[in-house]
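Notes follow the structure.
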Amino acid sequence: MIILTVSLVIIIAVLGSWMLFYRHYKDSPPFHKGLLPIIGHSYLFMGDTTSIWRNLKNLAQDCTDKGGVLQIIMGFKRHYIITDPKDALTVANACLQKHFVYSFGSRWLGNGLITGSGEIWKRHRKLLSPSNSPQILNTYLGIFNENSRQLVTDLAPMVGEGLKDLSFHIRKMAMNTIFRTAFGVYTNEDENFTKAYMSAVDEILTIITKRFTRVWLQIDFIYNLTSIKKREDELIRIVNEMSNKIIARKRSELASGVAAANETDNKYQGLLDLMLKLAKEDALTDQEIREEVDTAIMAGFDTSSWILVYVLVNLGSFPEVQDRAYNEIMDVFGDSDRDLEKEDLSKLVYTEAVLKETMRLYTMGPVSLRHIEEDVKLKNFTLKAGTDCSISLFGINRHTVWGEDVNEFKPERWLDPQKIPDNAFAAFSIGKRSCTGRAYALTLMKINLAHLLRKYKISGDVSKLDFKFNFIIKPISGSEIGLEYRK
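This note's numbering puts the first residue of the sequence shown at 50, with every later residue one more than the last.
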């Protein structure tokens, strides 16, 4: 009887403390529906990755419906959701410290630009920004064209075979491109290297997602005892060895003068060249170089390659859009099979609109998680210090400021820049920590499409496209693409 009484008192005390601590205070945003005692809304992020993606979408929609700022309770911690574009930008610029879940990725990426803390991120971004200049990007065009042509060749056996999964070939192209442009390494001929690296990256992201969705694995003591942790250690070792080989090779070439003698390398100072120069000046350590190499590879090939898959599926599902993009490309190139040059980029206006509309609808990184170190005043609410926040990039891209047709695929909405809502395109994140590779990705994909559409007529079925959350969104169905030669 005494034990029962004590247990009831403890339960009542815990519930009372929980209810008191998470009362709806003044200047506080509304709660998401489904709040449960003790666990709050934590159950939304448990289970399979398909359900989690569905819950993330529902959260974003409820947030927009309730004014653009929402709060949820994660156990005994308050967490905000934001889809309002203006408020999201305020948070993105005010809160540079990322959420603790990014530490799960720091075992692999260390303090790279994605996972690094505010001060480290500031220093690295400033040091590495010259590698993303327009002048450097222009020197990559030859490689973009060459690898796009190789993709066209690699896809030729799929012509007339119906809807097929082309993602390996597209991802291989993107990976080879980032290796060659950023690091001066040729991997086209080494398919085993490409497969091994892509497989390791995929599995690491899956493990990171498991830690995010299984609360007990977020406790280091428990996680360190699991077979999952041992497997992650092995995968990180494999990836680190590959990255270290790339760095050692480039360092050797620079020391011997081979890189300077190479015509392609001599045209520009790529990311790795810049980092090795900074290392000589003691501005970056060898570990920081490897972390930024891994960060550039992960961010540079996986996101852009899947976006290109979704672009092709949409082009295959909307023949009128595909025809308009094809006609624009033909207006620029005519019957010529020449490479795309710098002067051509600005002429492919509708092609770029297709890319941006796809990225708006299919936001690769659907959320950006931040820790709030000081109170942040928004238009109607104040976010409290010591809490956390999810900037729903998916929700911003699907916000009602885009109009009643927000969920429709309409590339023409991009043709009048005056009608694009302010701060509402979040495909490359927003604010000070937004993606530095925006121009790189858009240019590469524009050149990819110019070569692919000149050669192939695309088919697909976007109605079957569905996703899972694997820190980025990845397809579970509907990503197959059909190819036919153009007459």
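C-beta atoms are modelled at their ideal positions from N, C-alpha and C, and glycine is treated no differently.
Reduced DSSP secondary structure (H/G/I, E/B, other) of residue i
| i | result |
| --- | --- |
| Lys115 | coil |
| Leu522 | Note that residue 522 is Ile in the sequence shown, not Leu. Three-state DSSP puts Ile522 in a strand. |
| Glu312 | The predicted position of Glu312 is uncertain, since its pLDDT is 42 and thus under 50; no value can be drawn from it. |
| Glu533 | strand |
| Phe516 | strand |
| Val511 | helix |
| Lys428 | coil |
| Met95 | coil |
| Phe193 | helix |
| Lys506 | strand |
| Met413 | coil |
| Leu204 | helix |
| Gly527 | coil |
| Asp136 | helix |
| Gln110 | helix |
| Phe80 | strand |
| Thr85 | First, the residue type needs correcting, since residue 85 is Leu and not Thr in the sequence shown. In this structure, Leu85 counts as strand in the three-state DSSP scheme. |
| Ala490 | helix |
| Lys481 | helix |
Exposure label - residue i; buried when at least 16 CB within 10 Å
| i | result |
| --- | --- |
| Trp265 | exposed |
| Asn446 | buried |
| His175 | Just to set this straight, residue 175 is Lys in the shown sequence, not His. With fewer than 16 other Cβ atoms within 10 Å, it is exposed. |
| Ala332 | exposed |
| Met324 | buried |
| Thr449 | exposed |
| Val63 | Model confidence at Val63 stands at a pLDDT of 43, short of 50, so the residue's coordinates are unreliable; what they give is reported in the following sentence. With fewer than 16 other Cβ atoms within 10 Å, it is exposed. |
| Ser180 | buried |
| Ala310 | The predicted position of Ala310 is uncertain, since its pLDDT is 45 and thus under 50; a value taken from the coordinates is nonetheless stated next. When all chains shown are included, Ala310 counts as exposed. |
| Glu401 | buried |
| Gly154 | buried |
| Asp48 | In the structure as shown, the chain begins at 50 and stops at 536. Residue 48 is therefore absent and cannot be evaluated. |
| Ile268 | exposed |
| Glu330 | exposed |
| Asn315 | Bear in mind that the predicted position of Asn315 carries a pLDDT of just 44, short of 50, making it too unreliable to give a figure here. |
| Ile271 | exposed |
When the options are compared against residue i, the one with the closest alpha-carbon
| i | options | result |
| --- | --- | --- |
| Lys213 | Glu252, Asn225, Ile530, Arg535 | Ile530 |
| Phe232 | Leu498, Glu341, Trp355 | Glu341 |
| Glu283 | Ile296, Glu302, Ile256, Arg300 | Ile256 |
| Leu186 | Val234, Lys106, Leu177, Gly319 | Gly319 |
| Phe350 | Leu427, Lys405, Asp471, Thr230 | Thr230 |
| Pro79 | Ser441, Ser100, Ile130 | Ile130 |
| Leu404 | Glu423, Val381, Ile356, Asp386 | Ile356 |
| Tyr359 | Leu432, Ser216, Lys279 | Ser216 |
| Leu397 | Ser366, Asp388, Lys495, Lys481 | Lys495 |
| Arg156 | Ala473, Arg280, Cys144 | Arg280 |
| Ser354 | Lys459, Met224, Ile268 | Met224 |
| Pro86 | Lys126, Ser100, Asn104 | Lys126 |
| Asn107 | Thr492, His81, Ser91 | His81 |
| Asp388 | Ala499, Glu168, Glu422, Gly124 | Ala499 |
| Thr132 | Ile271, Gln120, Arg220 | Gln120 |
| Ala348 | Ile271, Met247, Glu240, Asn376 | Met247 |
| Val511 | Ile253, Thr352, Thr407 | Thr407 |
Extent of the continuous beta strand (DSSP E) run through residue i
| i | result |
| --- | --- |
| Ile130 | 126-131 |
| Arg419 | 416-420 |
| Ser305 | It is not in any beta strand (DSSP E) - Ser305 instead sits in the alpha helix (DSSP H) that spans 276-305. |
Residue i vs residue j beta-carbon contact at 8 Å
| i | j | result |
| --- | --- | --- |
| Ser508 | Gly414 | no |
| Lys244 | Arg419 | no |
| Ile122 | Gly89 | yes |
| Ile227 | Ile296 | no |
| Leu162 | Thr344 | yes |
| Thr98 | Asn519 | yes |
| Lys517 | Trp102 | yes |
| Ala476 | Arg535 | no |
| Phe367 | Val118 | no |
| Leu442 | Thr412 | yes |
| Ala109 | Gly480 | no |
| Pro134 | Asp437 | no |
| Val362 | Ser528 | yes |
| Glu453 | Ala434 | no |
| Ile440 | Ala137 | yes |
For residue i, the first and last residue of its enclosing alpha helix (DSSP H)
| i | result |
| --- | --- |
| Ser216 | 216-232 |
| Ser439 | Taken as a continuous stretch (DSSP letters only), Ser439 belongs to no alpha helix (DSSP H), being part of the beta strand (DSSP E) at 437-441. |
| His21 | Nothing about residue 21 can be read from this structure; the chain reaches only from 50 to 536. |
| Gln604 | In this structure the chain extends from 50 to 536, so residue 604 is not present and cannot be described. |
| Ser366 | 352-366 |
| Ser152 | 152-158 |
| Phe270 | 269-272 |
| Gln336 | 335-346 |
| Ile253 | 240-262 |
| Asp393 | 391-394 |
| Ala328 | 320-329 |
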